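Please read the structure below before turning to the comments.
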Amino acid sequence: MNLAKVIVDVPTMQTNDPYTYLIPDELADKIQNGMRVVVPFGSGGRKIQGIVADIDHNGDFDGELKEIDGLLDLDSALNDELLSMSEWMAKKTYSFQISCILTMLPSVMRAKYEKELIINDNEGIDDEVLGLFDGSDSIDFKVEDINSSMLRRIIQYRKEGKLTVRYKVNDKAKAKKVYAVKPIISINEAETELSNLRKNSKNLAKLLDYIINNNETSIPQRKLVNDFNIPEATIKSGIEKEWLTRFWQEEYRNPYEQEVKPNYPLKLNDDQQKAVNAISEATTNDQSDVFLLEGVTGSGKTEVYLQAIQKALENRKTALMLVPEISLTPQMVKRVKGRFGNKVAMLHSGLSSGEKYDEWRRINNGEADVVVGVRSAIFAPLNNIGIIIMDEEHEASYKQDDAPRYHTRDVAKWRCDYHNCPLVLGSATPSLESRARATKGVYKLLSLPKRINNQSLPEVRIIDMKEEIKTTGDEDFSQELLAAMNNRLQKHEQIVLMLNRRGYSSFVMCRSCGFVLHCPNCDISLTLHMDSKTMKCHYCGHEESIPNKCKNCGSKKIRYYGTGTQKVQEKLQNLVPNARILRMDVDTTRRKGAHEKILQKFGNHEADILLGTQMIAKGLDFPNVTLVGVLNADTSLDLPDFRSSERTFNLLTQVSGRAGRADKEGLVYIQTFNPDHYAIRLAQKQDYELFYRKEMSVRHQTNYPPYFFTVKITASDVNEAKAAAKMFEIQKILKAKLSDKALMLGPSPSSILKLKNKYYYQIIIKYKNEPNLSECLNYILNHYQKDAQKGLYVNIDPDPLNFM
DNA sequence: AGCACGCCGACT
DNA sequence: GTCGGCGTGCTC
Numbered sequence: 002m003n004l005a006k007v008i009v010d011v012p013t014m015q016t017n018d019p020y021t022y023l024i025p026d027e028l029a030d031k032i033q034n035g036m037r038v039v040v041p042f043g044s045g046g047r048k049i050q051g052i053v054a055d056i057d058h059n060g061d062f063d064g065e066l067k068e069i070d071g072l073l074d075l076d077s078a079l080n081d082e083l084l085s086m087s088e089w090m091a092k093k094t095y096s097f098q099i100s101c102i103l104t105m106l107p108s109v110m111r112a113k114y115e116k117e118l119i120i121n122d123n124e125g126i127d128d129e130v131l132g133l134f135d136g137s138d139s140i141d142f143k144v145e146d147i148n149s150s151m152l153r154r155i156i157q158y159r160k161e162g163k164l165t166v167r168y169k170v171n172d173k174a175k176a177k178k179v180y181a182v183k184p185i186i187s188i189n190e191a192e193t194e195l196s197n198l199r200k201n202s203k204n205l206a207k208l209l210d211y212i213i214n215n216n217e218t219s220i221p222q223r224k225l226v227n228d229f230n231i232p233e234a235t236i237k238s239g240i241e242k243e244w245l246t247r248f249w250q251e252e253y254r255n256p257y258e259q260e261v262k263p264n265y266p267l268k269l270n271d272d273q274q275k276a277v278n279a280i281s282e283a284t285t286n287d288q289s290d291v292f293l294l295e296g297v298t299g300s301g302k303t304e305v306y307l308q309a310i311q312k313a314l315e316n317r318k319t320a321l322m323l324v325p326e327i328s329l330t331p332q333m334v335k336r337v338k339g340r341f342g343n344k345v346a347m348l349h350s351g352l353s354s355g356e357k358y359d360e361w362r363r364i365n366n367g368e369a370d371v372v373v374g375v376r377s378a379i380f381a382p383l384n385n386i387g388i389i390i391m392d393e394e395h396e397a398s399y400k401q402d403d404a405p406r407y408h409t410r411d412v413a414k415w416r417c418d419y420h421n422c423p424l425v426l427g428s429a430t431p432s433l434e435s436r437a438r439a440t441k442g443v444y445k446l447l448s449l450p451k452r453i454n455n456q457s458l459p460e461v462r463i464i465d466m467k468e469e470i471k472t473t474g475d476e477d478f479s480q481e482l483l484a485a486m487n488n489r490l491q492k493h494e495q496i497v498l499m500l501n502r503r504g505y506s507s508f509v510m511c512r513s514c515g516f517v518l519h520c521p522n523c524d525i526s527l528t529l530h531m532d533s534k535t536m537k538c539h540y541c542g543h544e545e546s547i548p549n550k551c552k553n554c555g556s557k558k559i560r561y562y563g564t565g566t567q568k569v570q571e572k573l574q575n576l577v578p579n580a581r582i583l584r585m586d587v588d589t590t591r592r593k594g595a596h597e598k599i600l601q602k603f604g605n606h607e608a609d610i611l612l613g614t615q616m617i618a619k620g621l622d623f624p625n626v627t628l629v630g631v632l633n634a635d636t637s638l639d640l641p642d643f644r645s646s647e648r649t650f651n652l653l654t655q656v657s658g659r660a661g662r663a664d665k666e667g668l669v670y671i672q673t674f675n676p677d678h679y680a681i682r683l684a685q686k687q688d689y690e691l692f693y694r695k696e697m698s699v700r701h702q703t704n705y706p707p708y709f710f711t712v713k714i715t716a717s718d719v720n721e722a723k724a725a726a727k728m729f730e731i732q733k734i735l736k737a738k739l740s741d742k743a744l745m746l747g748p749s750p751s752s753i754l755k756l757k758n759k760y761y762y763q764i765i766i767k768y769k770n771e772p773n774l775s776e777c778l779n780y781i782l783n784h785y786q787k788d789a790q791k792g793l794y795v796n797i798d799p800d801p802l803n804f805m
C-alpha cells in the first residue's frame, strides 16, 4: 500500500506522533516528504492541514486508514533537514512537533480553517435555524457565534441528513501574480513591421523597438509601461497584432524597491583578519566550530561577518546572519545589500506576511544565498550553509517567549552540526553562558580589543542621584548633565538620552489614601498616556479614562507619579526650550517605518536631542553625537531576576558606545541611585572581562547559570487556588524523581501574579546533571494535557530568560 | 481542536 | 422516564 506518515495540525500530546494515511493513486507520483497536505481527521469529516513526514510505497497498517485529501504544495515546504530538526526541537523545548513546524514556515502557510453549513432538505428545519441562511442554501458558520440550543438542533439536523457541514482548509499562501508579456515574433519580423508602420504610430514604433532589442525575455506589463513609456493600449494592440503574448506571472513582492549603492570590503586590522581567517578555515574544512567573537563597541565586528560570508560564498556555500530586531537598521540593510547585491534575502518584522512569504520562496528556490534576519530567520530554508552568524548573541530576543520556547543559539548550533559549518557568536558583552564556554574551550574565543582607527572609548561619568535629589530635588536631570547638554547645543553637536523604561512608566496615585489604579485583569498598575488621555495596561491592552477623583476614598488629590518618555520630553523641553527633541519609544515607533524615519531625521540633524528607551542603545551610529545620557540606570537593576546586573551592564556598555564614534570625542553620563554597584562601575570602565569574572563569582555563590541549568514550570488558571494546587502536585512528582543535588525554587506566585485575568504559579529547578529530568517533564506535560481543556495550563520553559 | 459518548441531575 | 448539562476520551 502507498502510505504516508503525516504530522497533523492538532496540537495535543496524543497526536504528536505521525498518523498514517493512504496516498490516492493520482497523488502517488507528486507527493513528497515535507509537503503540506489536507487530511480528514476524526469523525464528521473534518479536514485539517498536515505535513508529510515519511512516505512508504509498500507499507501496511493495522487498522482503519483514511485517504489524503489533497496537496497544498507543488514542492516540499520543508526539506529533510528542517523536518528532522522539528523532531529534535519538539523534544528540546517540550512542545508539539506541529507547532515547531508551523513556526519554521512563513505565517501564510498556516492554513485557516473554516466551516460551511449547507441545506440538503429544509423539510422540518425550524424557522430560527432557517433564518440563519437568509434565503441562501449555504452559509459560513462559526460555532462560537451560535448559541447552544441552536447548535444542538443543528447537530440533530445534521444527523438526520438535512444539513451538511463542509470543512474548508484555506491556504493563504498565494503568490502575487501580475500580467507579463513576451515577444512572439522574431527580430526580422519586427523590423519588417517597423518599416511598414505609419509615421505617426509613435507608440507602436516604441514597442517594436523594444521587441527588437529584447526579443527573448518576458517582462511584467507594468514595467513595460513605466520604464519604456509604452501605454497599456499600445501593448494591447501589440497583443492583438500577435507580436506579443500576455500571461500571468508570479512575482516576488520586493520590499526594497530602491537601488542600493554597492560597497566593498574594508581593510581589516590584524585582529579582524585573524578572526576572518579562523572562521573561514572552519568553513573551508567543513568544521562545525563555535566561535565567540568578543569585540568592544566600534571594533568592526560587522566587517568580520561580511568578509567571512564572502569566503563562504567563494566556497560555493550559503550564509545565514541573524541580528536582533532593533539592530536591523536601514544602515545595516544597505551595508549587506550593497556588498552582496540581489543574492541577499531579508527576513524581519517590518515585512508584510506576503513579503515574508516571497523572501522565503526566493530562499527555498535557491535564489538567495545570503539571508539576514531576526530570530525566526534561523529556519530559513537554505541549503549547503557555510556559516551562521549571530550578532549581539547576548540579546534576550533570541529566545522565543512562547511555545515553542526555543533559543536561536541552540537551533543555530544544530544546523551548524548538520551542515558542518562554523557558528559565529558576536558581542561586545557576551552572555555569561557563552563566555564561560569559551573559557572552557568549548567555544573558540576570538577577540577584537581595539576600536577601528584606534578611536578612544568615550569618557563615562557617573552621577549619584541620591546627592542630586538632596541638593536640587530633581530626579530626572542632574545639573552636570544639563550643563553638558547646553554646551553641546551651543556647539551644534547632538545628544542621545536614554530612559531605562521598565518599571518607570507613570502611574496615578491618590495622595490621601495611597491608592494606585490597577488593571482589573492584570496585577499591575495602569500607565498614564497623555496622547490618548487614557490609562492603559501594558500587558493586556485594557484602557480607561483618567480618573479625576480617587476610586477608593473619593479624594480629588490625585497625583501623577513616575516618568514616562512623554513626561520627560515635556520636562526636558522646559529645561532646554530651544532644543529640537525627537522621541523614540514604543508609542512613536508602532507604525511601520516610523522607526527608520525618526533615525533618518536625527541623522540629518533635524533634531538636537534623541530621547528614547532601550531601542536607541543598539547599533545606531551618528558621528555628530558627542553626548550620551542615561537618565535612570537603576530600573533594570532592581528587577527580581538573577540576570539584572548582566542586563544593566550590557545596556550601559552598549549605550556608551553611541558617543563619539567619529573624530569628535564622546562623553557619557550615567545617572544612578546605586553609584557603587559593580555593574555600573564596570560599565563606566567598559571592562567586560572584569565584569565577567565578578558576575561569575556571584553566579557561583548563588547557584545560577552558567554553573547550573535552569527550567521553569508554570501553571496558570483563572482560579488562583487551582494554579497553586497544581504546582504543589508537580512539585511532589519532581521531588520523587530528582536527585538531592537539584535545587527547587517554589512553588511561588510569579512576580506578576495575575495577567490577563489568570493567576500564575511557578517552580524553578536548578540542576547540573539530572538524567531523569527530561523524561519526568515529558510525563508532567502528558499528564496535564487534559487540564488544558479546563483552562488550567502547564508550561515548561527550558533555560528561561525571563524569571518573573 | 472538535466530535461522540456516557453519566448525572432537573423537569415533564 | 427524557432532555440537556458537562466530563472524558479519541481521532490514522
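Mapping the first sequence onto the working numbering, position 772 (from 1) lands on 773, and the numbers just tick up by one.
Here a beta-carbon is modelled for each residue, glycine too, at the ideal position from N, C-alpha and C.
All of these numbers come straight from a predicted model, not from anything done at the bench.
Indicate the three-state DSSP secondary structure (helix, strand or coil) for residue i in the structure shown.
i, result
"Gly342", "helix"
"Tyr785", "coil"
"Thr21", "strand"
"Asp718", "strand"
"Ala54", "strand"
"Phe710", "strand"
"Tyr670", "strand"
"Lys67", "strand"
"Gln15", "helix"
"Gln687", "coil"
"Trp244", "coil"
"Leu198", "coil"
Rounding to the nearest angstrom, what Cα-Cα distance links residue i and residue j in this structure?
i, j, result
"Val11", "Glu251", "32 Å"
"Thr649", "Ala634", "7 Å"
"Gln567", "Pro676", "26 Å"
"Ile610", "Gln655", "18 Å"
"Glu721", "Ala789", "15 Å"
"Met14", "Ile8", "12 Å"
"Thr614", "His530", "16 Å"
"Val170", "Tyr114", "5 Å"
"Glu194", "Lys242", "10 Å"
"Glu393", "Ala378", "15 Å"
"Asn605", "Pro706", "44 Å"
"Tyr505", "Thr636", "With a pLDDT of only 38 at Tyr505, under 50, the local geometry of the prediction cannot be trusted, and no value is derived from it."
"Lys262", "Thr473", "51 Å"
"Asp57", "Ala5", "6 Å"
"Arg436", "Glu647", "12 Å"
"Thr165", "Gly45", "10 Å"
For the alpha helix (DSSP H) holding residue i, just list the boundary residues, first then last.
i, result
"Asn796", "Where Asn796 is concerned, there is no enclosing alpha helix (DSSP H), although the beta strand (DSSP E) it sits in stretches over 794 to 799."
"Phe650", "645 to 657"
"Trp89", "81 to 94"
"Tyr211", "203 to 214"
Would you kindly check if the distance between the Cβ of residue j and the Cβ of residue i is under 7 Å?
i, j, result
"Phe623", "Leu447", "no"
"Cys101", "Pro405", "yes"
"Ile280", "Val443", "no"
"Ile24", "Ile69", "yes"
"Thr430", "His395", "yes"
Count the other CB atoms, across all protein chains shown, that sit within 10 Å of the CB of residue i; report buried if there are 16 or more and exposed otherwise.
i, result
"Gln274", "exposed"
"Lys1", "The chain is shown only over 2 to 805; residue 1 falls outside these bounds and no answer can be derived."
"Gln763", "buried"
"Phe97", "buried"
"Gln786", "exposed"
Along the beta strand (DSSP E) that carries residue i, what are the first and last residues, could you check?
i, result
"Tyr180", "177 to 184"
"Thr528", "528 to 530"
"Thr330", "Careful: Thr330 lies outside any beta strand (DSSP E) and carries neither H nor E."
What I want to know is whether the C-beta of residue i ends up closer than 6 Å to one or more non-hydrogen atoms of the ligand GTP.
i, result
"Val291", "The model depicted lacks the ligand GTP and carries no ligand whatsoever."
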